[in-house]
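Student: Going down the list, the protein sequences come from chains F and D.
When we follow my numbering, the leftmost residue of the first sequence carries the number 312, and every step to the right adds one.
When we follow my numbering, the leftmost residue of the second sequence carries the number 312, and every step to the right adds one.
Even for Gly, the Cβ is constructed at its ideal location relative to N, Cα and C.
Note that the coordinates shown come from a computational prediction; the quantities given were computed from them, not determined experimentally.
Number of protein chains: 2
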Amino acid sequence: MITSTSNPRVQRVRTLQRKRQARKREGLFIIEGARLANEAVSYRSPAKLVLYTDAIKQGDPRLIEELINLGAEAEEVSERVMKACSDTESPQGLLAVLPIPSTIPPDNLSLALVADRISDPGNLGTILRTAQAVGVEAVFLNPGTVDPFNPKVVRGAMGAHFHIPIIQEQTSEIEKHLHGMDVWVAEVGLGPPYYDVDWGKPCAIVIGSEAHGPGDELRSIAKGSTHIPMHDSTESLNASVAAAVILFEIARMRGEE
Amino acid sequence: MITSTSNPRVQRVRTLQRKRQARKREGLFIIEGARLANEAVSYRSPAKLVLYTDAIKQGDPRLIEELINLGAEAEEVSERVMKACSDTESPQGLLAVLPIPSTIPPDNLSLALVADRISDPGNLGTILRTAQAVGVEAVFLNPGTVDPFNPKVVRGAMGAHFHIPIIQEQTSEIEKHLHGMDVWVAEVGLGPPYYDVDWGKPCAIVIGSEAHGPGDELRSIAKGSTHIPMHDSTESLNASVAAAVILFEIARMRGEE
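#1: Verify the CB distance criterion: does residue 380(D) have a CB-CB separation below 9 Å to chain F?
#2: So with CB distances below 7 Å, who are the chain F contacts of residue 616(D)?
#3: Contact between the segment 448 to 463 of chain D and the segment 483 to 490 of chain D is defined here as three or more beta-carbon pairs at a separation below 8 Å; is this criterion met?
#4: Let me make sure I understand the geometry here. Which of 477(F), 442(F), 383(F) has the alpha-carbon closest to that of residue 304(F)?
#5: When you check each C-beta in the segment 434 to 459 of chain F against every C-beta of chain D, which residues fall closer than 7 Å?
#6: Does the Cβ-Cβ distance between residue 498(F) and residue 536(F) come in under 9 Å?
#7: In this structure, does DSSP put residue 488(D) in helix, strand or coil?
#8: Taking only beta-carbon atoms, is residue 426(D) less than 9 Å away from chain F?
#9: Is it buried or exposed, residue 427(F), if we count other Cβ atoms within 10 angstroms and call 16 or more buried?
#10: List the residues of chain D whose Cβ lies closer than 9 Å to the Cβ of residue 565(F), in chain order.
#11: Under 7 Å Cβ-Cβ, which residues of chain D neighbour residue 555(F)?
#12: Give a yes or no on whether the minimum CB-CB distance between residue 511(D) and chain C is below 9 Å.
#13: Please state the DSSP three-state secondary structure of residue 480(F).
#14: So for residue 350(F), helix, strand or coil by DSSP?
#15: For chain D, check one thing: does any of its Cβ atoms lie closer than 9 Å to the Cβ of residue 523(F)?
#16: Could you please tell me which residues of the segment 465 to 484 of chain F, in chain order, have their CB closer than 7 Å to any CB of chain D?
#17: Near residue 524(F), which residues of its chain fall below 7 Å by C-beta distance, leaving aside the five closest residues on each side in sequence?
#18: Report yes if the C-beta distance between residue 515(F) and residue 495(F) is below 9 Å; otherwise report no.
#19: What runs of the alpha helix (DSSP H), each 4 residues or longer, lie entirely inside the segment 349 to 414 of chain D?
#20: Please go through the same chain and pick out, in chain order, the residues whose beta-carbon is closer than 6 Å to the beta-carbon of residue 569(D), but skip the five residues on each side of it.
#21: What number of angstroms, rounded off, separates the C-alpha of residue 543(D) from the C-alpha of residue 394(D)?
#22: According to DSSP, what are the bridge partners of residue 340(F)?
#23: Once you ignore the five residues that flank residue 546(D) on each side, which residues in its own chain have a CB closer than 8 Å to its CB?
#24: Going along chain D, which residues have a C-beta under 7 Å from residue 506(F)?
#25: Could you give the DSSP three-state label for residue 545(F): helix, strand or coil?
#26: Kindly identify the DSSP beta-bridge partner or partners of residue 451(D).
#27: Can residue 439(D) and residue 558(D) be called in contact, C-beta distance under 9 Å?
#28: Could you check the C-alpha separation between residue 403(D) and residue 508(D) for me, to the nearest Å?
#29: Between which two residues does the beta strand (DSSP E) carrying residue 533(D) extend?
#30: By how many angstroms is the C-alpha of residue 473(F) removed from the C-alpha of residue 422(F)?
#31: State yes or no: is the beta carbon of residue 337(D) nearer than 9 Å to at least one beta carbon in chain F?
#32: In the DSSP assignment, what are the bridge partners of residue 326(D)?
#33: Taking all protein chains shown into account, do 16 or more other C-beta atoms lie within 10 angstroms of the C-beta of residue 372(D), making it buried, or fewer, making it exposed?
#34: I need the straight-line Cα distance from residue 447(F) to residue 445(D), nearest angstrom please.
#35: Mapping DSSP to helix, strand and coil, what is residue 432(D)?
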């Protein structure tokens, strides 16, 4: 059992939790908790390393075994070491180091989302979770958007990382992937209301940050802007709310066809 | 200028930031930043106390003056004291102590929201912000829901506190306020899809926490449950996303009439 926070594996996990560059360099990220670990198992994602506490070993030994069967090395750690490794204040007693999944977008996309400089990890996590619920086929992130493998994003996305290709690219590269699709930019007060847009064709929706709005580059390739009508006195919506309202309307319209 | 964190006013602000009981006992809460302070001024909310840094005094002296004109005592504080008083890691240099607004729901409600044991302050803040954007006339919170005057809720709600009556009550009291309205409970997989419900009548929507779902008490007075259809493999949505999707559909339907 690892009881020291200066153990090299513990140090490596802490670095992966904290540093985007380390995640990128090693091609690894971290999930916490039984719920996400079960997703990793069903996705057959080969964990490199699993750390767990005695409480988890007693409560869910099968899960640890399944992770080991997929190739993970597993080590029991003290509660104190788990707390040092966890990104949360109340660790769930289990974490796994996983390879960052492939980021090749499928051909012939029918529905894509672009997160344009979304810097808040909670918002991006919620956006990814919603994207999965709606059946978005690829999410593109441009520079200025928070790392999707940041622990807070992973936590908020509730497993979306296993289901949707998440592609980090320069904006100009993202535009190439969107070629042939109707690109719509969500903007406060501009264009038709989101429920008057024809979402029947292959399309991509661009969600910008609340602070900056959408960038000019993406606007230049867009078919148009669309907005969410709001009651008097309201200036804007949370970015994850704007994404959800538009995406579920697309799902509703397509379901009716 | 206050330069010591042991100053009694500073101590009082810190207590109000941290302790729900202190906010309740004193009937006060705290807003941070120029945006919310401007809302307080337009709402003519008589701040009790304003703390500001030199940077704010130089940059926006008019705002401090307007707050003083509404009756606030104002004190310049050092950056260090502001950091000690602020709930955020990057304080905006201005905070104001305000009376908690009246919580009497208007008569003849046409659209109400019930937050049923929503414990996450970020979620409740986003829900309140969305409720304002949609024109919800009252938000009811039952025991188990986080304090709406918690600093994280206030930050996320972006001024909704000035526009919507927010009523904290026992569930049985909330039910009395909803008398005569169609009460719909958002639940995973139950009832008709949210877009097949007739939202034309006065109605209330109940949003439960992701962990617990809606409580039996509210379910017992409901006209029915409604759900948001989701793509395969998705178990649930963030509570603030579920609220937004349903509320904006209500707004869309009512706008069409």
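Tutor: In short:
#1: no
#2: Any question about residue 616(D) goes unanswered here, given that chain D covers just 312 to 568.
#3: yes
#4: Residue 304(F) is absent from the model: chain F starts at 312 and stops at 568.
#5: So the close ones are 437, 440, 441, 443, 444, 445, 446.
#6: yes
#7: helix
#8: no
#9: buried
#10: Residues of chain D passing the Cβ test: none, with the nearest at roughly 11 Å.
#11: 552, 555, 556
#12: Protein chains in the displayed structure are F and D, and chain C is not among them.
#13: coil
#14: helix
#15: no
#16: 474
#17: 498
#18: Taking 9 Å as the cut-off, the Cβ atoms of residue 515(F) and residue 495(F) count as close.
#19: Here the runs fully enclosed are 365 to 370, 372 to 380, 390 to 396.
#20: Residue coverage of chain D in this structure runs from 312 to 568, which leaves residue 569(D) outside it and unanswerable.
#21: 46 Å
#22: DSSP, once it has assigned bridges, lists 409(F) as partnering residue 340(F).
#23: 499
#24: Close partners of residue 506(F) in chain D (Cβ separation under 7 Å): 563.
#25: coil
#26: 425(D), 478(D)
#27: no
#28: Straight-line Cα distance between these residues: approximately 43 Å.
#29: Unbroken run through residue 533(D): none, as it is neither H nor E.
#30: Roughly 18 Å between the two C-alpha positions.
#31: With respect to chain F, the C-beta atom of residue 337(D) has no partner C-beta closer than 9 Å.
#32: Beta-bridge pairing links residue 326(D) to no other residue.
#33: exposed
#34: 25 Å
#35: helix
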